[in-house]
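These notes concern the structure reproduced below.
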Amino acid sequence: MVSSSATRPTAPCSLLPTRRFLALFLPHWPTDDLQRREPGLSGPLVLYERIKGGLRLAAMNPQAAQAGLRLGQNLADARAMLPEMTAREIDRPLLTAAFADFADWHSNASPLVAVLGDVSAFGDLVLDITGVAHLFGGEHAMLRTLLARLRALGYSVAGAIAPTIGAAWAVSHFARSQVVADTDLAQVLDALPVGALRLTPEQIAGLTQMGLTTLAPLRPRERKPLQARFGLSLLTRLDQAYGMLEERLTPRLPLAERYAERRFPDPIGLLDDVLMTTRDLAIQLGLRLEAEGLGAQAFHLFLYRVDHKVMTLSVNSARPSRDPDHIAKLFSHRAERLAGEYDAGFGIDMIRLAVSSVDKLDGTQLGAFATPDGTDDLAQLQDRMSSRLGAMAVLRTQFVATHIPERAARLVPAMVHAAGPKTEPGPDRVRPLRLLPVPEPIAINAEVPDGLPASMIWRRISYRITRASGPERLGAEWWRSGQRLQLVPPEPPRPAKPGETPRPPPHVPRLERFNPSAVTRDYYIAEDAMGRRFWIFREGLYHPDASPVWYLHGLFA
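Here the working numbering runs 725 ahead of the position in the sequence shown, where the first position is 1.
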């Protein structure tokens, strides 16, 4: 006789590379986190929320659960059953944000950490520990380490390691904490209830009505009827759990391929110790980047505290760099700016330095044949000033490819470098030292309409012009101001009344292009009797029915 278990198909081997995932389930995270923030809370504790006009229990600690309370119960009934309990209103956005920070802290165990929010926004963590477990002495030792440190902090937690995300989540929720080998995946999952597939309550209720309470009888069922009744999500979760379909992990923090870290047997707390460790890590990271011929522009420092908090500090460099001294100084100046906000808590047990925005960086000659021009020193000075004062506090002038004076330059952060060809103005163009923010109108007297100005009135003060040179004609930028006139559709002619003379059709403007002579500027350098030099211009040309307008645009030294 062949047993029924032998007739069930086994999970096919995946063609994808084998990976290992560690899932952590914290069933009482809301109340555990509240009791950690308020140590005075003790005894039964529940959190309630308003659902359908009533106050229902949304979370509880183990003491309240042992007293017979259940989730979704009316708050008044719960008070009648347990008068001594403490009730607080739940704050879901706060708990979600706190759990996200809690997840980031676990990146000291694996760089790939994600919050699994399929069932709840908080309570489930998944770590990709492929190639990481050996740092803890193996998968069993790693699981014990992570569970022990969370329980020492006061959290109720269960965990599991499995080759798929779905299997790790299922075992952590519905079985004891264990490590599931690849060969035992199907056997372990078959014994779990159908709720282990992260299904909706409606799907679980429907499967239970069909007599499918565990995953063992669910796998050999016909897939088309299951999809027709429960939707594609049921088959997707089933295939993901058994490794027949890949489920991708979305990490909370971006993966840093290049980083260096140091773990401390005893936590440290002084900022000077953190900066000294940062310099040592910068040396290690610089050697690795040098071996690969690379440099980085963004540097990220992660400080892992023993109380499951992570402090992050990021600095940027205007140019790709791998100089350890420069990197250490960037963090030192930023630390001076944030010294009042630095809080090591109960100590820091691990520091990680990671880089991003990596680009190719060739080696430079530093010996007798080097020709230093000061550019590198100036760039490093700008980096340090920006790190200490803020990126928007250190600005520089950036030229723009335009011949319109007020658009020819702009202020940008000193760390920003323009990509593309250089746009410096030509050396033959004379420009004033000070350019007014907005050209100011002036009154000009000239001997002839197109001649040099003889005097001007600016801000109610008259200036007699003794010398002037020009003009320098600047035309309009047709790609900016060359707008076509809008065509107005003609109105349909109104029928003439009896005895009324028909009116002609309305005039339709013809299609015209922008007239550049209307905004042509003729610039002059004018000098008055006191030796003051002005940069003035005439906008437009003289016409019999119109006169141009004069403006003062800048002042020379």
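Each residue gets a CB set at the ideal place from its N, CA and C atoms; glycine is no exception.
Exposed or buried, which one is residue i when buried takes at least 16 other CB atoms within 10 Å?
{"i": "D1270", "result": "exposed"}
{"i": "R745", "result": "buried"}
{"i": "S1272", "result": "exposed"}
{"i": "V844", "result": "exposed"}
{"i": "N1170", "result": "exposed"}
{"i": "N1240", "result": "In this predicted model, N1240 has a pLDDT of only 41, less than 50, meaning its place in the structure is not dependable; the value taken from the coordinates is given anyway. Exposed: under 16 other Cβ atoms inside 10 Å."}
{"i": "I674", "result": "Residue 674 lies beyond the residue range present for the chain, which begins at 726 and ends at 1282; the question has no answer from this structure."}
{"i": "L751", "result": "buried"}
{"i": "G1020", "result": "buried"}
{"i": "G862", "result": "exposed"}
{"i": "A839", "result": "buried"}
{"i": "L1152", "result": "In the sequence on display, residue 1152 carries Pro and not Leu. Exposed, since its Cβ has fewer than 16 Cβ neighbours within 10 Å."}
{"i": "A688", "result": "The structure shown has nothing for residue 688, since the chain only spans 726 to 1282."}
{"i": "F847", "result": "buried"}
{"i": "V1274", "result": "exposed"}
{"i": "I1167", "result": "buried"}
{"i": "K1054", "result": "buried"}
{"i": "A1282", "result": "exposed"}
{"i": "V1213", "result": "Confidence at V1213 is low in this model, with a pLDDT of 42, below 50, so the placement of that residue is unreliable and no value is reported for it."}
{"i": "G1018", "result": "exposed"}
{"i": "R1263", "result": "buried"}
{"i": "G793", "result": "exposed"}
{"i": "Y1267", "result": "exposed"}
{"i": "S730", "result": "Caution applies to S730, whose pLDDT of 37 falls short of 50 and renders its modelled position unreliable; the value that the coordinates give is listed next. Answer is exposed; the Cβ neighbour count stays below 16."}
Going by DSSP, what residues sit across from residue i in a beta bridge?
{"i": "L1037", "result": "Going by the sequence as given, residue 1037 is Thr instead of Leu. DSSP lists F1027 as partners of T1037."}
{"i": "T811", "result": "L770"}
{"i": "G1279", "result": "L1160 and W1260"}
{"i": "I1076", "result": "R987 and L1028"}
{"i": "H1268", "result": "A1271"}
{"i": "D758", "result": "None; D758 has no bridge partner."}
{"i": "G1088", "result": "According to DSSP, which records beta bridges pairwise, G1088 is partnered with nothing at all."}
{"i": "G856", "result": "Per DSSP, none; premise fails for G856."}
{"i": "A966", "result": "Answer is none; A966 lacks a bridge partner."}
{"i": "S1081", "result": "A1023"}
{"i": "I776", "result": "G779"}
Within this structure, are the beta carbons of residue i and residue j separated by less than 9 Å?
{"i": "A985", "j": "L922", "result": "no"}
{"i": "R775", "j": "G797", "result": "no"}
{"i": "Y1029", "j": "I1076", "result": "yes"}
{"i": "R804", "j": "L772", "result": "no"}
{"i": "V1040", "j": "D1108", "result": "yes"}
{"i": "P888", "j": "G968", "result": "yes"}
{"i": "L1177", "j": "I1190", "result": "yes"}
{"i": "G768", "j": "Q791", "result": "no"}
{"i": "F955", "j": "L924", "result": "yes"}
{"i": "L1026", "j": "D829", "result": "no"}
{"i": "P764", "j": "L820", "result": "no"}
{"i": "I753", "j": "S897", "result": "Residue 753 is actually His in this sequence, not Ile. In this structure, S897 does not lie closer than 9 Å to H753 by Cβ."}
{"i": "L770", "j": "Q760", "result": "yes"}
{"i": "E890", "j": "L963", "result": "Correcting the residue identity first, residue 890 is Ile in this sequence and not Glu. Against a cut-off of 9 Å, the Cβ pair of L963 and I890 comes out as no contact."}
{"i": "H1051", "j": "L1160", "result": "no"}
{"i": "E1202", "j": "I1129", "result": "yes"}
{"i": "Y1249", "j": "E1165", "result": "no"}
{"i": "S1111", "j": "M1140", "result": "yes"}
{"i": "Q928", "j": "S902", "result": "no"}
{"i": "D853", "j": "L837", "result": "yes"}
{"i": "P945", "j": "G936", "result": "no"}
{"i": "G879", "j": "D757", "result": "yes"}
{"i": "L1136", "j": "T1122", "result": "yes"}
{"i": "L860", "j": "H831", "result": "no"}
Considering just the uninterrupted stretch of the beta strand (DSSP E) at residue i, what are its terminal residues?
{"i": "E1264", "result": "R1258 to E1264"}
{"i": "F746", "result": "F746 to F750"}
{"i": "A823", "result": "First-last for A823: R817 to W830, but that is the alpha helix (DSSP H), not the beta strand (DSSP E)."}
{"i": "V840", "result": "V838 to V840"}
{"i": "F674", "result": "One cannot answer for residue 674 here, as it falls past the ends of the chain, which runs 726 to 1282."}
{"i": "V851", "result": "D849 to D853"}
{"i": "L1136", "result": "A1134 to P1138"}
Grab the span of the alpha helix (DSSP H) containing residue i for me, first residue to last.
{"i": "A805", "result": "L800 to M806"}
{"i": "R781", "result": "From DSSP, R781 is part of no alpha helix (DSSP H) but of the beta strand (DSSP E) over G779 to M785."}
{"i": "P950", "result": "R948 to F955"}
{"i": "A1251", "result": "Looking at the DSSP string, A1251 is not in any alpha helix (DSSP H); the run it does join, the beta strand (DSSP E), is R1246 to D1253."}
{"i": "L1116", "result": "In the sequence on display, residue 1116 carries Ala and not Leu. Note, A1116: premise wrong, no alpha helix (DSSP H); not H, not E."}
{"i": "V999", "result": "L996 to E1017"}
Would you say residue i touches the ligand NAP, meaning its beta carbon is less than 8 Å from a heavy atom?
{"i": "L914", "result": "What this structure holds is no ligand at all, so the ligand NAP is not there to describe."}
* Quick one: complete beta strand (DSSP E) runs, 3+ long, within the stretch 1161-1202? -> Along the length of the stretch 1161-1202, whole beta strand (DSSP E) runs at least 3 residues long occupy 1178-1183 and 1186-1199, reported in chain order.
* To do: Quick one: which unbroken beta strand (DSSP E) runs of 3-plus residues sit fully inside the stretch 877-932? Chain order, please.
  => DSSP runs (the beta strand (DSSP E)) wholly in the stretch 877-932: 883-887.
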